[in-house]
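So the sequence shown is residues 1333 to 1502, counted in our numbering.
Every residue, glycine too, gets a C-beta built ideally from N, C-alpha and C.
Beneath this line is the structure, given in C-alpha cells, with notes to follow.
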Amino acid sequence: MTDRKPRTGLPLAAVVLTATVALYMALVAFGNITDFGTNQAFVRHVLAMDTTFKDKDLMWRAITSHRAADVAYLAVIAWETAAALLLAVGAAWWAVRIRHEGGKGRLLSTLGLLMVLVLFGAGFLAVGGEWFAMWQSKDWNGTDAATRNFTVAGIALLVVQLAAAEGRRT
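This is how it looks when you write it as C-alpha cells:
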C-alpha cells in the first residue's frame, strides 16, 4: 500500500487535449450552421462525384439528389454537435476530478473522441474519400483535413487512455 497521490501530468494533458478537440468540433459545427451553404456545396459535389475522373466503373455510386445530400450534411452537423458536447462535458467532468482516473470524464471523452474518429475516418476518409472518390477532385477534396482531424483525435484518445491507465496504477 502506498500513500502516493496520483500524478496529474497525463490526466491534465487528457483534459487539455479533450477540451481542445471539443472547442474545434464546436467551431466546426458552428461554422457549418452559420455558413450552411459553403459545406452544403462541398457535400453535394462529393456525393455527386461531379469533379472526379468520371470513371464509368465508379459513377454508379454518385448521389445527385440535393435532398439526400442535404440530409447527409445535416447528419454530419448533428454528429459534430453531439461530439463537441460530449467532449466538453467530458473535459469539464475530468478537470474537476483531475487526480482520479477520470471516471465519467474519461468515458465521455472516449465516446466523443471515438465519434470524431468515426466521422473523419469512416465518414470522410473511407466513404467520402474512397467510395465517392473525393481524393480525385481538385476542387472538393477534404482528405487532407480529414486526416489531420483523425490524427489529432487519435492522439487525444491515446492520451486519455494512457491517463486512465496511469490513474489505475497509482
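Problem - Inter-residue spacing [alpha-carbon to alpha-carbon] between MET1333 and ALA1427 - result: Only weak support is given to the placement of MET1333: the predicted model assigns it a pLDDT of 48, under 50, and the question is left unresolved by the model.
Exercise for the section: Check THR1502 in the structure and name its three-state DSSP category. Expected result: Legend: pLDDT at THR1502 = 49, less than 50; position of this residue unreliable, no value from coordinates given.
Handout entry: alpha helix (DSSP H) segments (min. 4 residues) lying fully within the stretch 1361-1448
Key = 1368-1380, 1398-1428
Exercise for the section: Just mark PHE1482 as buried or exposed, buried being the case when its beta carbon has 16 or more other beta carbons within 10 Å. Expected result: buried
Exercise for the section: Would you mind giving the Cβ-Cβ distance between GLY1437 and GLY1422, rounded to the nearest angstrom? I have them listed as a contact below 8 angstroms. Expected result: 5 angstroms
Exercise for the section: Indicate whether LEU1490 and THR1442 have their beta-carbon atoms separated by less than 8 angstroms. Expected result: no
Problem - Span separating the alpha-carbon of LEU1451 from that of ALA1415 - result: 10 angstroms
Practice task
Taking 8 angstroms as the cut-off, decide whether the C-beta atoms of ALA1361 and ILE1395 are in contact.
Solution key: no
Exercise for the section: With a cut-off of 8 angstroms on the beta carbons, I'd call TRP1467 and HIS1377 a contact; round off their distance for me. Expected result: Going by Cβ atoms, the distance from TRP1467 to HIS1377 rounds to 13 angstroms, so no, they are not a contact pair.
Practice task
Please look up how many angstroms separate the CB atoms of GLU1412 and ASN1364, rounded, as I've assumed it's under 8 angstroms.
Solution key: 7 angstroms
Exercise for the section: Keeping to the same chain, check which residues put their C-beta closer than 8 angstroms to that of ILE1487; ignore five residues upstream and five downstream. Expected result: LEU1349
Exercise for the section: Using 10 angstroms around the beta-carbon of ALA1485, count the other beta-carbons present and answer buried if the total reaches 16, otherwise exposed. Expected result: buried
Exercise for the section: Express the C-alpha separation of MET1357 and TRP1425 in angstroms, rounding to a whole number. Expected result: 18 angstroms
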